[in-house]
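Q: For the record, the sequence lines run as chains A and B.
Under full-length UniProt numbering, the first residue of the first sequence carries the number 1, and numbering increases by one thereafter.
Under full-length UniProt numbering, the first residue of the second sequence carries the number 1, and numbering increases by one thereafter.
Even for Gly, the Cβ is constructed at its ideal location relative to N, Cα and C.
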Amino acid sequence: MCEEPLLIAEGLTKFYGARLGCRDVSFTLHAGEVLAVVGESGSGKSTLLGLLSTELAPSAGHVRYSMRDGSLRDLAELSEPERRLLLRTDWGFVRQSPEAGLRMAVSAGANVGERLMAVGWRHYGNIRGAAADWLGRVEIAADRIDDSPKSFSGGMRQRLQIARNLVTAPRLVFMDEPTGGLDVSVQARLLDLIRSLVADLGLAVVIVTHDLAVARLLSHRIMVMKEGCVIEEGLTDQVLDDPQAAYTQLLVSSVLQS
Amino acid sequence: MTVLDVQDIAKSFTLHLRGGLTLPVVAGVSFEVAAGECVALGGPSGAGKSSILKMIYGNYRTDAGRILIDDGAAVIDVASASPREILALRATTLGYVSQFLRVIPRVAALDIVAEPLRARGIDTTEANARASAMLKRLNLPERLWHLPPATFSGGEQQRVNIARGFIADTRLLLLDEPTASLDGANRDAVIGLIRDKRAAGTALVGIFHDDEVRDAVADRTLDVRAFAAA
Ligand SMILES: Nc1ncnc2c1ncn2[C@@H]1O[C@H](COP(=O)(O)OP(=O)(O)O)[C@@H](O)[C@H]1O
Ligand SMILES: Nc1ncnc2c1ncn2[C@@H]1O[C@H](COP(=O)(O)OP(=O)(O)O)[C@@H](O)[C@H]1O
Ligand SMILES: [Mg+2]
Ligand SMILES: [Mg+2]
């Protein structure tokens, strides 16, 4: 219980000109913890993910991260090579659109192998072996390794994106609506895969979703955002079964009971 | 030895979608449960029995008071604990058999039951063997073990739920109408499971819709009407 947090966000605020992206978001995340960020479209979820992952520069606030060597670093103070290494090794980022997270012009195997080459793997056989292993883990048939992701279905592309992100054994993965835009049956399979990979690998995850069922299935904790601010947070089942804020009650009541 | 010490807790719901209407449920709830003891919560439907169990499990927030659980190393107040502390408590000390199974898509009954053991570091072979024994004891037909329970009958789902709740050793176990949808033979199997837990020193708090079951397992009954909120 006393171990150090993996990530600490403090007062994260982002303005796009005069428009508010998100305001004063603070939380800590520990290794192996899954945090879901929920809220309607435009509430600032993707902005927050952008700030955490250093894709966006905050207007105010800090993100500190416990590096693999154990040092706690302010992400704004990393050098560009340090930042790039973090993004390629210790972090993953699974995007809603697989086309945004994959390189569509190269093969499935190369999409996975590329991340390994970026961290210094050189031996072709080892890279191909690791890629094949990961394709198997995300339930993509071995004989598809040389095919282009353009020939894959939406669900397969998303599974490939997950393999590409997890091959370097990251400790923290950001996910932005990873099941959005997929058919319900495809979603269920993908969710099941994410759920078991996250548990088996002990990943910390910040997952953005507008789907409360996804949050319930995958997350330990929930943050509810509205108009750029966190209006309620806590243990996932507590927030969903005993919501306090008027807006959270509205969100929960809008979901068809299963 | 006291495992659970509930001190003066209260709960009300504020229904914002109904113009901010406040629904008082219970107030001034205090009781203790010792290791090896089974306390039943009694009272009519709507009295707040399930809400009390859910507060103890950390599933509902507690408005006032303390819920102290002795996990063997420390005493934790669920009413003020962080989400991480509550999850750690659930992973080691605190079990709960809810009224209905929450189905996880695509996960087979046997895996649902074995999961709490695997989460405690027990290897899959042993976890599956113990899960099989538990499902057998609850008479769940073997042909169902490898299917996801989404299509099971209410009674079959409830037996999966009970098996999952009873499989691990927890110091405190909460039971919300565990026998509600079971026939006679399966009810007796659950009575047997509860008695085994008591004998092993588990503290239990249960809601039993069936007086026969309650009389067979409970040391005493608390009438929740005594805690009716204003
Ligand atoms: N690049 C941008 N330029 C200007 N405004 C933006 C930009 N990205 C997001 N916003 C605005 O910031 C707010 C939060 O958006 P976003 O973080 O994308 O929300 P969500 O992911 O919850 O849908 C919205 O009002 C949105 O219009
Ligand atoms: N999540 C909730 N939101 C609003 N009201 C609730 C909620 N849970 C329970 N209640 C209300 O609290 C009261 C007590 O319910 P409950 O604890 O389920 O009683 P019992 O288990 O004794 O039948 C009831 O009026 C019920 O409608
Ligand atoms: Mg978004
Ligand atoms: Mg009840």
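(1) Would you mind working out which of B/E85, B/K11 and B/N59 sits nearest A/E33, comparing C-alpha positions?
(2) According to DSSP, is A/L201 helix, strand or coil?
(3) Using Cβ-Cβ distances below 7 angstroms, what residues of the segment 42–66 of chain B are close to chain A?
(4) Can you tell me which of the three DSSP states B/L13 falls into?
(5) Looking at B/D176 and ligand 4, is the gap between the Cβ and the nearest heavy atom below 7 angstroms?
(6) Just grab the DSSP bridge partners of A/E232 for me.
(7) Take every Cβ of the segment 151–167 of chain A, pair it with every Cβ of the segment 109–117 of chain A, and state whether three or more of those distances are shorter than 8 angstroms.
(8) Counting contacts by CB-CB distance shorter than 8 angstroms, is B/R106 in contact with chain A?
(9) Between A/S151 and B/D183, what straight-line distance do the alpha-carbon atoms span, to the nearest angstrom?
(10) Taking only beta carbons into account, state which residues of the segment 179–194 of chain A come closer than 8 angstroms to chain B, listed in chain order.
(11) Which stretch, first to last residue, makes up the beta strand (DSSP E) that contains A/I140?
(12) Run through DSSP, which three-state label would A/S175 get?
(13) If you follow the beta strand (DSSP E) that A/S26 is in, where does it begin and where does it stop?
(14) Could you compute how far the alpha carbon of A/S258 sits from the alpha carbon of A/A57?
(15) How many Å lie between A/H192 and B/E115 at the Cα?
(16) Quick one: grab the DSSP three-state call for B/Q7.
(17) In this structure, does DSSP put B/I167 in helix, strand or coil?
(18) Counting only the same chain and skipping the five closest in sequence on each side, list residues whose C-beta sits under 6 angstroms from that of A/L49.
(19) Counting contacts by CB-CB distance shorter than 8 angstroms, is B/R143 in contact with chain A?
(20) Determine the chain E residues that contact A/Q249 at a beta-carbon separation under 8 angstroms, and present them in chain order.
(21) Is any non-hydrogen atom of ligand 4 found closer than 7 angstroms to the C-beta of B/I194, if you look at the structure I gave you?
(22) Run through the DSSP bridge pairs and tell me what A/H62 is partnered with.
(23) In chain A, which residues lie less than 8 angstroms from B/L87 when you measure between Cβ atoms?
(24) Taking contact to mean at least 3 C-beta pairs separated by less than 8 angstroms, is the segment 156–173 of chain B in contact with the segment 116–130 of chain B?
(25) Of all the residues that make up the segment 7–20 of chain A, which are near chain B by a beta-carbon distance shorter than 8 angstroms?
(26) Quick one, are the C-beta atoms of B/I207 and B/L175 less than 8 angstroms apart?
A: On the basis of the data shown:
(1) Checking every option, the nearest Cα to that of A/E33 belongs to B/E85.
(2) Residue state, collapsed to three classes: helix.
(3) Taken in chain order, the members of the segment 42–66 of chain B whose beta-carbon sits within less than 7 angstroms of a beta-carbon on chain A are G58, N59, Y60 and R61.
(4) According to the sequence as given, residue 13 of chain B is Phe; it is not Leu. DSSP, read as helix, strand or coil, puts B/F13 in strand.
(5) Yes, the beta carbon of B/D176 sits closer than 7 angstroms to at least one heavy atom of ligand 4.
(6) Answer is A/V224, bridged to A/E232.
(7) The way I'd put it, the segment 151–167 of chain A does touch the segment 109–117 of chain A; three or more beta-carbon pairs between them come closer than 8 angstroms.
(8) Cβ-Cβ to chain A under 8 angstroms: yes for B/R106.
(9) Rounded to whole angstroms, A/S151 to B/D183 spans 53 angstroms at the Cα level.
(10) For the segment 179–194 of chain A, the beta-carbon criterion of a distance under 8 angstroms to any beta-carbon of chain B is satisfied by A188, R189, L191 and D192.
(11) If you look at A/I140, you'll find it isn't in any beta strand (DSSP E); DSSP assigns it neither H nor E.
(12) Per the sequence shown, the amino acid found at residue 175 of chain A is Met instead of Ser. Three-state result, A/M175: strand.
(13) Counting along the chain, A/S26 sits inside the beta strand (DSSP E) bounded by residues R19 to L29.
(14) Caution is warranted here: a pLDDT of 48 is assigned to A/S258, below 50, making its placement in the model unreliable, and the coordinate value is therefore given only provisionally. One C-alpha to the other measures close to 40 angstroms.
(15) The question names His, but residue 192 of chain A in the sequence shown is Asp. Straight-line measurement puts the Cα of B/E115 at about 14 angstroms from the Cα of A/D192.
(16) Residue state, collapsed to three classes: strand.
(17) The three-state reading of DSSP puts B/I167 in helix, counting H, G and I together.
(18) Spatial neighbours of A/L49 in its own chain (CB-CB distance under 6 angstroms, excluding positions within 5 residues in sequence) are listed in chain order as F174, D176 and V208.
(19) Any Cβ of chain A closer than 8 angstroms to the Cβ of B/R143 would place that residue at the interface, and such an atom is absent.
(20) In the displayed structure, chain E is absent; the protein chains listed are A and B.
(21) No, ligand 4 has no heavy atom inside 7 angstroms of this Cβ.
(22) A/H62 is bridged by DSSP to A/E10.
(23) Neighbours of B/L87 on chain A, chain order: H220 and L235.
(24) Yes, they touch.
(25) Of all residues in the segment 7–20 of chain A, none has a Cβ within less than 8 angstroms of some Cβ in chain B.
(26) Yes, these two residues count as a Cβ contact at 8 angstroms.
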